[in-house]
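Structure first, commentary second.
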Amino acid sequence: MAAKRFNRGVALVGAGMSSFGAFPGKTTRDLFVDAFKDMQASVDKGFDPKDIDECYFGNYSSSQFEGQGFTAPFIANAVGMNPRPAIRAENACASGGSAIRLGVMAIASGIADMVLVGGYEKETDQPTEKVTEILATASDNLYENVAGFTFPGLYAALATAYMHRYGATGETMMKVALQNHENGALNPKAQFGKKIGDFIKMKQRSAEKKGKPVPQWDDEMAFLRDPRANPVISWPMRLFDCSPVSDGAAALLLVADDMAHHFTDKPLHIIGNGVASGVAMHDRTDLTRIETATEAGRVAYEMAKVSPKDIQVCEVHDCFTMTQVIATEDLGFFGRGEGWKALEEGRTARDGDRPINTSGGLKSKGHPVGASGVGQVVEVWKQLRGEAGERQLPGDPTLGLTHNLGGSGQVCVVNIFERK
Amino acid sequence: MAAKRFNRGVALVGAGMSSFGAFPGKTTRDLFVDAFKDMQASVDKGFDPKDIDECYFGNYSSSQFEGQGFTAPFIANAVGMNPRPAIRAENACASGGSAIRLGVMAIASGIADMVLVGGYEKETDQPTEKVTEILATASDNLYENVAGFTFPGLYAALATAYMHRYGATGETMMKVALQNHENGALNPKAQFGKKIGDFIKMKQRSAEKKGKPVPQWDDEMAFLRDPRANPVISWPMRLFDCSPVSDGAAALLLVADDMAHHFTDKPLHIIGNGVASGVAMHDRTDLTRIETATEAGRVAYEMAKVSPKDIQVCEVHDCFTMTQVIATEDLGFFGRGEGWKALEEGRTARDGDRPINTSGGLKSKGHPVGASGVGQVVEVWKQLRGEAGERQLPGDPTLGLTHNLGGSGQVCVVNIFERK
Amino acid sequence: MSKDFYNAAGFYEYVDEKKLMGTRCKSSGELFVPPRPFSPSCSGGEMEWVEMSGKGKLEAFTVTLYGPTRMVEAGYGPKNPYCVGIVRLDEGPAISAQILGLDLTKPEEIKIGTPMKLTFLERTEGEEKKTYIGFEAT
Amino acid sequence: MSKDFYNAAGFYEYVDEKKLMGTRCKSSGELFVPPRPFSPSCSGGEMEWVEMSGKGKLEAFTVTLYGPTRMVEAGYGPKNPYCVGIVRLDEGPAISAQILGLDLTKPEEIKIGTPMKLTFLERTEGEEKKTYIGFEAT
Ligand SMILES: [Zn+2]
Ligand SMILES: [Zn+2]
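Residue numbers (this note's numbering), protein chains in the order written: chain Z, 198 to 617; chain P, 198 to 617; chain B, 27 to 164; chain V, 27 to 164.
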């Protein structure tokens, strides 16, 4: 079967996001207004919101997080989009990526020339146990939940399988956290604008203030190894292996390729888009990889006519630290079992040959589920346009990729962007 | 602004549904398998499921109804669709209609030639109060819920505004129920395969069995007027004005127009598709109509190049009885304020000049929220192909329309189908 | 300070102080009740809070016997129904609210267009008392 | 009779009888654990229930300190963690289950590939006792 293609090219001409973090008193509507304004400011030559034909939004579970289902028309309303079509896509943590897919499809189909794509989630109004329960509804409620699996638990199980086969250790995961926090410290929109060293200083200052003995660690790794500073959540995963509970929103403006120059001289073209669905964890034959990512990547690379080595900017779905390592193998950046070595050798750091998650990733930037896949694109937008400030990659990159997983990897969306 | 069009025509070559009703022990996965098998049987020349390129599913809130969010990959898995893309659309009660829109768009965009569209909901595992709460998350949780509005309440308020302006009464609504139950009694998949007369007999038999005095009513209207038989839920709406709590699923097979003859000699072509989003009730200037329906209808009629008088088969979203009356005005079948008279004159009955909801509508067929918009298409499929059995409309109809509302009408999806 | 958000949180902070407030866009002058932090028509706009007079007319209503949990907890039910409706304020915008001061045993006699005036009511929810807006027939 | 559905309801009815069952497609012979009512590969198929031997090997696991409500209610927590994993049955399919009989104070010594045998366990959830499948290191 020959690969099918979109009938019409699609360009990204604007991208913005709210800050990610905890924002009491703000609903998804308010957060999305922040993202929309940030996106508006990013459109070089401006645009008239009345020209937006349709809206596609990613949201995992506002119905459970804030008691508001049916968010599409409310969010559309918050930014004045009624009576335009508005549809919410849900695919757990890949809801944002799925919304992007729908936006691309709308333009390619001819029904729309300009589309607003958004993602949003408001998680911090709920206590942690409730958040855990809500996230768990994305695992298999018939066979995984009942066994006692949580989301950290499912990814921890993948980690044990990977570690057993390839020799990675808990230290590997700590080094992912270290790296992503280094990057996130340079991202003003990140939930934790802090390096691991900053967390050490915070703990020390806090002890000092309370008149308690000031804890000392030899270095960042010693801090991460210390079970009091970095307790186990679901072995082998510790606190600093988990992305946080977050509020946030992100917004993109997509237009037909041939209209892009009306809005900017530096559009990004969405040259590859792959989506794949897969089975629950117990149905997989190999627990050291995520097949949907390989499949979505294959489709996207084929459409874009590029190969993994061509990608210069890359945001992967590091909901947990080991997931990032596995993602870099699934996407073909490293061979099977080589990802953890590449990580430990610093190759995925900002100054490595294969930088990953320059934004800080979900780990440091934050993981407001439905917004995450859209937020990844905001980083690619900035990096490919040379607007990433202190964390800007050198070499005038022109090709970027986003990798957005849903649940325990039962859905993956991969997008490839090019500045031509 | 000239109306935009899809780049490629889309045909419906198969349509099926599970029975709608209460099915303890069956999850949405099981219900969707039933719908999928029914759809398979409807494809005249058969098809290979491996040729399905993508899946779009409508579901309102399995996360709240059955503790399973992220249903798209699980449902895709239940019918063997992995690793194909699978995305869930959510737009409250218009989730099914929204999924259809996505399926059409996928084919029109060129990325898919054959698409599986589905809708499913499993509501009856929850007690009624919990169902009410879950449905209420589709109204405005910031300003409507807190005031005390339930879903029946919101539509009851629309009914008071309509009655006040145009003179309709509670009797009008009872006549809608009467008519839809007449139709549903001829639909073997309907939740209530019963006329109002059958409910009377049931009540009488039940009293007899218990040795209680057997209640008597002069006729069906006397039964519906009796507050013991038909109690007020939210004035002016009574029990028989409300669609039921339901489980069910429905499935459609869409293909590119030029491939349709491989699957059947009697395909339906989706010649019109309109989607509109709108404001919460308090923000509307006129509470006697639903603007999103008029707007979605306008877009669909324009695309199809037909007018309301051309439509021969029509399923409208009668979540509540008065909603049906208003829908027939919003869609242009009757002038403003004329819909209730047309209804009372029997013009919308099966033997009227403008038959509405020959399936029994949501009122009698059942309203498994995410499945409802897809189930409407199953009726149009049957009627336009002459396969509706005892409820078949005469005159070899070739043009049909579906009208699927979300929430209190903040989204509407209208589709127009033609057998050419 | 939620009032700085010009959103629902600010709105309900004012409700606790027994004030019905909307937001007004400083550039277009448009008034929003419920409040908006963003003015879609002029794509932005700084906002300010404005207090409503509290006068209006009933535009639609229902008398509910089976309410949501919060109304059941507040004592309403089939034997003690409540009225909820939409009231158009004299200032233009409309809002949903519980409606008081009507004879709920004869809902067919309640008239659309009845003049309404703002009041505030408290409902017990779980262990908290919460203040809500209501309207009363005048 | 949920067993007629060849689905999760039937599966858990058997679990209550302390049997681990899968379904087998009568036309293609394919075995499904967890059960399926529908055989995607041959697009249909009548199903029958088949009992598993209960032998298998540990394929992945985790030791969880912060579990979901049902595990907290069953007495697990940071001071009493539990192990949950995926066990590949000798018959081929794999399944998620609580894992017993391992020293959870030394998770780094738990080996992928450890032989497992089926057991059944009861957890108290709210006011009910519910039976679940578990596996034990042999
Ligand atoms: Zn303004
Ligand atoms: Zn088979």
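Quick reminder that beta carbons are idealized off the backbone N, C-alpha and C, glycines included.
Quick caveat, the model's predicted, so the values are computed rather than measured.
Requested in this report: List the residues of chain B whose Cβ lies closer than 7 Å to the Cβ of G222 of chain Z, in chain order.
Outcome: By 1-based counting over the first sequence, the position of residue 222 of chain Z is 25. Correct list: S28, F31 and A35.
Requested in this report: Report, in whole angstroms, the separation of the C-beta atoms of A273 of chain Z and S474 of chain P, which I expect to be a contact under 8 Å.
Outcome: Sequence index remark: in the first sequence, residue 273 of chain Z carries index 76 (1-based). Sequence index remark: in the second sequence, residue 474 of chain P carries index 277 (1-based). The beta-carbon separation of A273 of chain Z and S474 of chain P, rounded to 5 Å, stays under the 8 Å limit for a contact.
Requested in this report: State yes or no: is the C-beta of A289 of chain Z within less than 9 Å of the C-beta of G266 of chain P?
Outcome: To locate residue 289 of chain Z, count along the first sequence from 1; it is residue 92. To locate residue 266 of chain P, count along the second sequence from 1; it is residue 69. Yes; because the gap between Cβ atoms is below 9 Å, this pair is in contact.
Query raised in the report: My guess is that K156 of chain B and K81 of chain B are in contact by the Cβ rule of under 8 Å, so how many angstroms apart are they, rounded?
Result: As a working note, residue 156 of chain B is residue 130 in the third sequence. As a working note, residue 81 of chain B is residue 55 in the third sequence. Not confirmed; about 24 Å, so no contact.
Query raised in the report: Any Cβ of chain B within less than 9 Å of the Cβ of M434 of chain P?
Result: As a working mapping, residue 434 of chain P is identified with position 237 in the second sequence. Yes - at least one Cβ of chain B is within 9 Å of the one on M434 of chain P.
Query raised in the report: S53 of chain B: beta carbon under 8 Å from a heavy atom of ligand 1?
Result: In the third sequence, the residue the question calls residue 53 of chain B occupies position 27. Yes, ligand 1 has a heavy atom inside 8 Å of this Cβ.
**Report entry** Simplified DSSP state of C516 of chain Z, which is helix, strand or coil
**Finding:** Taking the first residue of the first sequence as position 1, residue 516 of chain Z is located at position 319. Reduced to three states, the DSSP call for C516 of chain Z is coil.
Query raised in the report: Name the chain Z residues whose beta carbon is nearer than 9 Å to that of G206 of chain P?
Result: As a position in the second sequence, residue 206 of chain P is number 9, starting the count at 1. Those do not exist, as G206 of chain P stays about 11 Å from chain Z at its closest Cβ, beyond 9 Å.
Requested in this report: Could you name the residues of the region 45-79 of chain V whose beta carbon sits closer than 9 Å to any beta carbon of chain P, in the order they occur along the chain?
Outcome: Those residues of the region 45-79 of chain V that come within reach of chain P (Cβ to Cβ, closer than 9 Å) are R62, P63, F64, S65, P66, S67, S69 and G70.
**Report entry** P141 of chain B, DSSP secondary structure in three states
**Finding:** Taking the third sequence and counting its residues from 1, one reaches residue 141 of chain B at position 115. Of the three classes helix, strand and coil, the one that applies to P141 of chain B here is strand, per DSSP.
Query raised in the report: Does DSSP put M78 of chain B in a helix, in a strand, or in coil?
Result: Counting from 1 along the third sequence, the entry for residue 78 of chain B is found at position 52. Reduced to three states, the DSSP call for M78 of chain B is coil.
Report task. Grab the span of the beta strand (DSSP E) containing S636 of chain P for me, first residue to last. Result -> In the structure displayed, chain P extends from 198 to 617; residue 636 of chain P sits before or after that span and is not available.
Report task. Mind checking which residues open and close the beta strand (DSSP E) that includes E584 of chain P? Result -> Indexing the second sequence from 1 puts residue 584 of chain P at position 387. Here E584 of chain P belongs to no beta strand (DSSP E), and DSSP marks it neither H nor E.
Report task. Use the C-beta contact count for Q413 of chain P: other C-beta atoms within 10 angstroms, 16 or more gives buried, fewer gives exposed. Result -> The residue you call residue 413 of chain P lines up with position 216 of the second sequence. Answer is exposed; the Cβ neighbour count stays below 16.
**Report entry** Other residues of its chain near H378 of chain Z: CB distance less than 6 Å, five sequence neighbours each side excluded
**Finding:** Along the first sequence, read from residue 1 onward, the residue named residue 378 of chain Z stands at position 181. The residues are K392, I393 and S561.
Query raised in the report: Leaving out the 5 sequence neighbours to the left and right, which residues in its chain are closer than 6 Å to W578 of chain Z when beta-carbon positions are compared?
Result: By 1-based counting over the first sequence, the position of residue 578 of chain Z is 381. Excluding positions up to five away in sequence, the list reads A212.
Query - Contact list for the region 298-326 of chain Z against chain P, Cβ threshold 9 Å - result: R298, L299, V301, M302, A303, I304, A305, S306, G307, I308, A309 and D310
**Report entry** Under 9 Å between C-beta atoms of E318 of chain Z and T225 of chain Z
**Finding:** Stepping through the first sequence from its first residue, residue 318 of chain Z is reached at position 121. Stepping through the first sequence from its first residue, residue 225 of chain Z is reached at position 28. Cβ distance < 9 Å, so E318 of chain Z and T225 of chain Z count as in contact.
Query - Backbone secondary structure at I249 of chain Z - three-state DSSP - result: Looking up residue 249 of chain Z in the first sequence gives position 52. Here I249 of chain Z carries a coil assignment [DSSP, helix/strand/coil].
Query raised in the report: Between V240 of chain Z and the rest of its own chain, which residues show a CB-CB distance below 8 Å, the 5 nearest in sequence each way excluded?
Result: Start at 1 with the first residue of the first sequence, and residue 240 of chain Z comes out as number 43. Excluding sequence positions up to five before and after V240 of chain Z, its CB lies within less than 8 Å of the CB of V210, G211, L450, F460 and T461, all in the same chain and listed in chain order.
Query raised in the report: Who are the near neighbours of S67 of chain B in its chain, counting only those whose CB is closer than 7 Å to its CB and skipping five residues on each side?
Result: To locate residue 67 of chain B, count along the third sequence from 1; it is residue 41. Taken in chain order, the residues that qualify are S54 and E56.
Query raised in the report: Less than 8 Å between the CB of E74 of chain B and some heavy atom of ligand 1, yes or no?
Result: Within the third sequence, numbered from 1, the residue matching residue 74 of chain B stands at position 48. Not under cutoff, so the answer is no.
Query - the region 121-132 of chain V / the region 147-163 of chain B touching (three or more Cβ pairs under 8 Å) - result: no
Requested in this report: Check whether the Cβ of D438 of chain P lies closer than 9 Å to any Cβ atom in chain Z.
Outcome: If you number the second sequence from 1, residue 438 of chain P lands on position 241. Not one beta carbon of chain Z lies nearer than 9 Å to the beta carbon of D438 of chain P.
Query raised in the report: Given a limit of 9 Å on CB to CB distance, which residues of the region 559-575 of chain Z reach chain B?
Result: none
Requested in this report: Since I believe M47 of chain B is in contact with P63 of chain B (beta carbons under 8 Å), could you give me their beta-carbon distance rounded to a whole number of angstroms?
Outcome: Here residue 63 of chain B corresponds to residue number 37 of the third sequence, with the count starting at 1. Here residue 47 of chain B corresponds to residue number 21 of the third sequence, with the count starting at 1. The Cβ separation is near 13 Å, so there is no contact.
Query raised in the report: DSSP beta-bridge partners for L596 of chain Z?
Result: Within the first sequence, the letter at position 399 stands for residue 596 of chain Z. The partner list for L596 of chain Z (beta bridge, DSSP) reads Z:E615.
Query raised in the report: In whole angstroms, what is the alpha-carbon distance linking L540 of chain Z and V472 of chain Z?
Result: If you number the first sequence from 1, residue 540 of chain Z lands on position 343. If you number the first sequence from 1, residue 472 of chain Z lands on position 275. Cα-Cα distance, rounded: 26 Å.
Query raised in the report: For A35 of chain V, which residues from the same chain have a beta carbon less than 6 Å from its beta carbon, with the 5 sequence-adjacent residues on both sides left out?
Result: By 1-based counting over the fourth sequence, the position of residue 35 of chain V is 9. Hits under 6 Å: S28.
Report task. Can you tell me which of the three DSSP states N256 of chain P falls into? Result -> If you number the second sequence from 1, residue 256 of chain P lands on position 59. DSSP, reduced to helix, strand and coil, places N256 of chain P outside both helices and strands of the structure shown, so it counts as coil.
Requested in this report: State the start and end residues of the unbroken beta strand (DSSP E) segment that holds S122 of chain V.
Outcome: On the fourth sequence, residue 122 of chain V is found 96 positions in, with the first residue counted as 1. Residues A120 to L126.
Query raised in the report: For S69 of chain B, which of helix, strand or coil comes out of DSSP?
Result: Taking the third sequence and counting its residues from 1, the one referred to as residue 69 of chain B is at position 43. The answer is coil: DSSP assigns S69 of chain B none of H, G, I, E or B.
Report task. Would you verify that the beta carbon of S664 of chain P is, or is not, closer than 9 Å to some beta carbon of chain Z? Result -> Any answer about residue 664 of chain P is impossible in this case: the structure gives chain P only from 198 up to 617.
Query raised in the report: Which bits of chain B does T357 of chain P rub up against, with CB to CB less than 7 Å?
Result: The sequence position of residue 357 of chain P within the second sequence is 160, counting from 1. Ordered by position in chain B, the residues that pass the 7 Å Cβ test against T357 of chain P are A86, F87, T88 and I138.
Query - Bounding residues of the alpha helix (DSSP H) (the contiguous stretch that carries A374 of chain Z) - result: For this step, residue 374 of chain Z is matched to residue 177 along the first sequence. It spans G367 to G381 - the alpha helix (DSSP H) in which A374 of chain Z sits, taken as one unbroken run.
Query - Beta-carbon spacing of C252 of chain P, A269 of chain P below 9 Å - result: Sequence index remark: in the second sequence, residue 252 of chain P carries index 55 (1-based). Sequence index remark: in the second sequence, residue 269 of chain P carries index 72 (1-based). For the pair C252 of chain P and A269 of chain P, the CB atoms are nearer than the 9 Å cut-off.
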